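Protein sequences, first through last, are from chains W and V.
With the numbering used here, the residue at position 247 of the first sequence is 254, and numbering never jumps.
With the numbering used here, the residue at position 171 of the second sequence is 335, and numbering never jumps.
The structure appears right after this line, and notes come after that.
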Amino acid sequence: MNVQEYISSGIVEGYVLGLVSDEERNEFEKLCLQYPELLQARTAFELALEKQAMENALSPSADLKDRIFTEINAGGKILPMHTAPVRNLNWLKYAAAACFILLAGSLYWNISLYNKNKSLKSNYDNTVARLNDMEKDIQVLQQNPSVKMASMKGLDVSPQSYATVYWDTTSHDVYLLTNNLPIPASDKQYQLWAIFNGKPVDLGVFDIKKERLLIQAHNAQGAEAFAITLEKKGGSPTPEGTMYVMGKL
Amino acid sequence: MISKTTYSEQELVALLQQRNEKAFGYLYDNYSGALYGIVNSIVTDKEIANDVLQNVFVNIWRKIESYDPSKGRLFTWMLNIARNASIDEIRSKGFRDAQKNQSLGENVDIPGSVTGPVFDDVGLKKVLTKLKTELRILIDMSYFQGFTHEEISRALDIPLGTVKTRIRSALIQLRTMIQ
Chain W
8 MNVQEYISSG IVEGYVLGLV SDEERNEFEK LCLQYPELLQ ARTAFELALE KQAMENALSP
68 SADLKDRIFT EINAGGKILP MHTAPVRNLN WLKYAAAACF ILLAGSLYWN ISLYNKNKSL
128 KSNYDNTVAR LNDMEKDIQV LQQNPSVKMA SMKGLDVSPQ SYATVYWDTT SHDVYLLTNN
188 LPIPASDKQY QLWAIFNGKP VDLGVFDIKK ERLLIQAHNA QGAEAFAITL EKKGGSPTPE
248 GTMYVMGKL
Chain V
165 MISKTTYSEQ ELVALLQQRN EKAFGYLYDN YSGALYGIVN SIVTDKEIAN DVLQNVFVNI
225 WRKIESYDPS KGRLFTWMLN IARNASIDEI RSKGFRDAQK NQSLGENVDI PGSVTGPVFD
285 DVGLKKVLTK LKTELRILID MSYFQGFTHE EISRALDIPL GTVKTRIRSA LIQLRTMIQ
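Have a look at this one:
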């Protein structure tokens, strides 16, 4: 090719000013490596352009330099570009590890939430069943006009204790509602007594852990009061242990 | 205080690539005026031109690794960043909207401006005034407004081949005018 012709075709100026197509630019860059005179012509035009631009310089705002330095110090130094590829790989590794940990954590969390949910659901079902039973019992008691109620207040040994006795005057059945009694030691049981003329009559032992809080007893006709004592397991013929609650009818 | 130190272009590039702020300060002191002249010839609003120049220098600082000395001088590289940033700005929606409002205002104040804009040419644009109008328009559209040859061909209804030939011819004349 005729280099001089190429040089004077306007390609040099077009290349320097950024007015050529990608194809023309690639060709020009290749030829520059091949022809020193082309490179020389390019440098000459670049220097002329630079000189022309310097002669026509205008002053930007006085504070612009500070603004630029503030901006580059705010973010420019954090990620120098030559280290970026290495950092990117590390970053990806850590990101992948972090994702895995997050995923594992999320799975574990889901499983434990699922289990928790399941146990809550079963507790809830049990509670609903118990509540239904109690409601049925209470309905029986409330709809029956012959039922009397006696609240049994906690005595000195356990002032928070509280129980309720429902007493059917016609059938003579007794229902005990253990609202609040401390859980006894494993070798002890609560025992319910009916008091006739100041003498206690055994109405049986009961476990407060039973699903149904309402306990049915018989033969309480003419009772003037009820009491609960804590006795040895299986009960005693006459009250020996501590009295927890007592209520007069 | 302006530093007395001078750097060769090679030293300057090496220091900039090491993120040397003193070298960057030197670069700003020596070239901000020339680059602002170019930005100002494309973006005429002074406030916006300053914002563009700020972006230009921040980009020079951040992208100095991509500068390849085998493809041209540092100033040429910076000049192209400045030109591209300026053209991006005038082509942005925000800028065009602002200009629309401004020109409405100007039309009220200066009715004569409708018939022909008043040019206050400096720098390269001043050089362009020496070109024949038909060539000048082509350089103005391609260099200062960033239109592709195809866009100019369509806009002026001139065959694409003619656009290319005329731009080449304008560039040849430009060289002799600058030197």
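Glycine is no exception: its CB is placed at the ideal position from the N, C-alpha and C atoms.
All of these numbers come straight from a predicted model, not from anything done at the bench.
I'd like the span of the alpha helix (DSSP H) that includes residue i, first residue to last.
{"i": "LEU217/V", "result": "210-227"}
{"i": "GLY325/V", "result": "324-342"}
{"i": "VAL5/W", "result": "Only positions 8 to 256 of chain W appear in the structure, and residue 5/W is not among them; the question remains open."}
{"i": "VAL23/W", "result": "19-24"}
{"i": "VAL203/V", "result": "185-206"}
{"i": "MET156/W", "result": "It is not in any alpha helix (DSSP H) - MET156/W instead sits in the beta strand (DSSP E) that spans 154-161."}
{"i": "MET305/V", "result": "Unbroken run through MET305/V: none, as it is neither H nor E."}
{"i": "GLN59/W", "result": "43-62"}
{"i": "GLN174/V", "result": "173-181"}
{"i": "LEU295/V", "result": "That residue, LEU295/V, is in no alpha helix (DSSP H); it is neither H nor E in DSSP."}
{"i": "THR240/V", "result": "238-255"}
{"i": "LYS72/W", "result": "71-78"}
{"i": "ALA319/V", "result": "313-320"}
Checking the sheet assignment: what are the DSSP bridge partners for residue i?
{"i": "ASP209/W", "result": "TRP200/W"}
{"i": "GLU290/W", "result": "What is shown of chain W runs 8 to 256, which leaves residue 290/W out entirely."}
{"i": "LYS255/W", "result": "ALA232/W"}
{"i": "MET2/W", "result": "In this structure chain W extends from 8 to 256, so residue 2/W is not present and cannot be described."}
{"i": "TYR169/W", "result": "LYS160/W and ASN187/W"}
Alpha carbon to alpha carbon, how far is residue j from residue i? Give it in angstroms, no decimals.
{"i": "SER243/W", "j": "GLN228/W", "result": "21 Å"}
{"i": "ASN271/V", "j": "MET61/W", "result": "Since pLDDT at ASN271/V reaches only 38, below the 50 mark, its modelled position is unreliable, and the value read off the structure follows with that caveat. Straight-line Cα distance between these residues: approximately 34 Å."}
{"i": "LYS72/W", "j": "LEU179/V", "result": "18 Å"}
{"i": "ASN204/V", "j": "GLN309/V", "result": "12 Å"}
{"i": "ASN80/W", "j": "LEU320/V", "result": "46 Å"}
{"i": "ASN9/W", "j": "THR77/W", "result": "51 Å"}
{"i": "GLU173/V", "j": "LEU238/V", "result": "7 Å"}
{"i": "ASP252/V", "j": "THR297/V", "result": "25 Å"}
{"i": "ARG330/V", "j": "TYR22/W", "result": "15 Å"}
{"i": "LEU24/W", "j": "LEU99/W", "result": "40 Å"}
{"i": "GLY236/V", "j": "GLU34/W", "result": "15 Å"}
{"i": "ILE228/V", "j": "LEU114/W", "result": "46 Å"}
{"i": "GLU231/W", "j": "ARG137/W", "result": "31 Å"}
{"i": "GLY241/W", "j": "GLN198/W", "result": "9 Å"}
{"i": "ASN122/W", "j": "GLY112/W", "result": "15 Å"}
{"i": "THR176/W", "j": "MET156/W", "result": "10 Å"}
{"i": "GLU12/W", "j": "LEU335/V", "result": "14 Å"}
{"i": "ASN223/V", "j": "ALA246/V", "result": "10 Å"}
{"i": "LEU176/V", "j": "ASP232/V", "result": "13 Å"}
{"i": "MET341/V", "j": "LEU54/W", "result": "14 Å"}
{"i": "ILE215/W", "j": "TRP116/W", "result": "36 Å"}
{"i": "ARG300/V", "j": "LEU292/V", "result": "6 Å"}
{"i": "TYR101/W", "j": "ARG183/V", "result": "27 Å"}
{"i": "LEU210/W", "j": "ASN139/W", "result": "26 Å"}
{"i": "ASN194/V", "j": "THR169/V", "result": "11 Å"}
{"i": "PHE52/W", "j": "CYS106/W", "result": "54 Å"}
{"i": "ASN133/W", "j": "SER126/W", "result": "11 Å"}
{"i": "ALA263/W", "j": "ILE118/W", "result": "A query on residue 263/W cannot be resolved here, the shown segment of chain W reaching from 8 to 256 and no further."}
Rounded to whole angstroms, how far is the Cβ of residue i from the Cβ of residue j, which I believe are closer than 8 Å?
{"i": "LEU217/V", "j": "PRO67/W", "result": "5 Å"}
{"i": "LEU338/V", "j": "GLU20/W", "result": "6 Å"}
{"i": "LEU120/W", "j": "MET253/W", "result": "Contact flag wrong, Cβ pair sits at about 47 Å."}
{"i": "VAL212/W", "j": "GLU238/W", "result": "7 Å"}
{"i": "ALA170/W", "j": "ASN186/W", "result": "6 Å"}
{"i": "GLY189/V", "j": "LEU65/W", "result": "Wrong, their Cβ atoms sit about 19 Å apart, outside the cutoff."}
{"i": "VAL172/W", "j": "VAL181/W", "result": "6 Å"}
{"i": "ILE322/V", "j": "SER306/V", "result": "Their Cβ separation, rounded to whole angstroms, is 12 Å, which puts ILE322/V and SER306/V out of contact at 8 Å."}
{"i": "GLN59/W", "j": "LEU288/V", "result": "7 Å"}
{"i": "GLU31/W", "j": "ILE18/W", "result": "7 Å"}
{"i": "ALA198/V", "j": "VAL207/V", "result": "Contact doesn't hold; Cβ gap of about 15 Å is too wide."}
{"i": "PRO166/W", "j": "TRP200/W", "result": "With a Cβ gap of about 20 Å, PRO166/W and TRP200/W do not count as contacting."}
{"i": "LEU302/V", "j": "GLU314/V", "result": "Contact flag wrong, Cβ pair sits at about 13 Å."}
For the ligand FMN, is there a heavy atom less than 7 Å away from the beta-carbon of residue i?
{"i": "TRP241/V", "result": "Questions concerning the ligand FMN fall outside what the structure shown contains, since it holds no ligand whatsoever."}
For this session: May I ask you to list, following chain order, the residues of the stretch 232-250 of chain V that have a beta carbon less than 9 Å from some beta carbon of chain W?
Result: The stretch 232-250 of chain V vs chain W, Cβ under 9 Å: SER234, LYS235, GLY236, ARG237, PHE239, THR240, LEU243, ASN244, ARG247 and ASN248.
Exercise. Of the residues that make up the stretch 198-228 of chain V, which ones have a beta carbon closer than 7 Å to any beta carbon in chain W?
Worked result: Answer in chain order: ALA198, TYR200, GLY201, ILE202, ASN204, ASN214, LEU217, GLN218, PHE221, VAL222, TRP225 and ARG226.
For this session: Could you name the residues of the stretch 293-322 of chain V whose beta carbon sits closer than 7 Å to any beta carbon of chain W, in the order they occur along the chain?
Result: SER306 and TYR307
Exercise. What residues in the stretch 57-74 of chain W have a beta carbon less than 7 Å from any beta carbon of chain V?
Worked result: GLU57, GLN59, ALA60, MET61, ASN63, ALA64, LEU65, SER66, PRO67, SER68, LEU71, LYS72 and ARG74
Problem set entry | Under 8 Å (Cβ pairs) to chain W, residues found in the stretch 173-191 of chain V | Residues passing the 8 Å Cβ filter: GLN181, ARG183, GLU185, PHE188 and GLY189.
Problem set entry | Interface residues of the stretch 17-48 of chain W facing chain V [CB-CB below 7 Å] | GLY17, GLU20, GLY21, VAL23, LEU24, GLY25, LEU26 and GLU36
Exercise. If you measure beta-carbon to beta-carbon, which residues of the stretch 322-341 of chain V are closer than 7 Å to chain W?
Worked result: ILE331, ARG332, SER333, LEU335, ILE336, LEU338 and ARG339
For this session: Determine which residues of the stretch 107-139 of chain W have a Cβ less than 8 Å from any Cβ of chain V, and write them out in chain order.
Result: none
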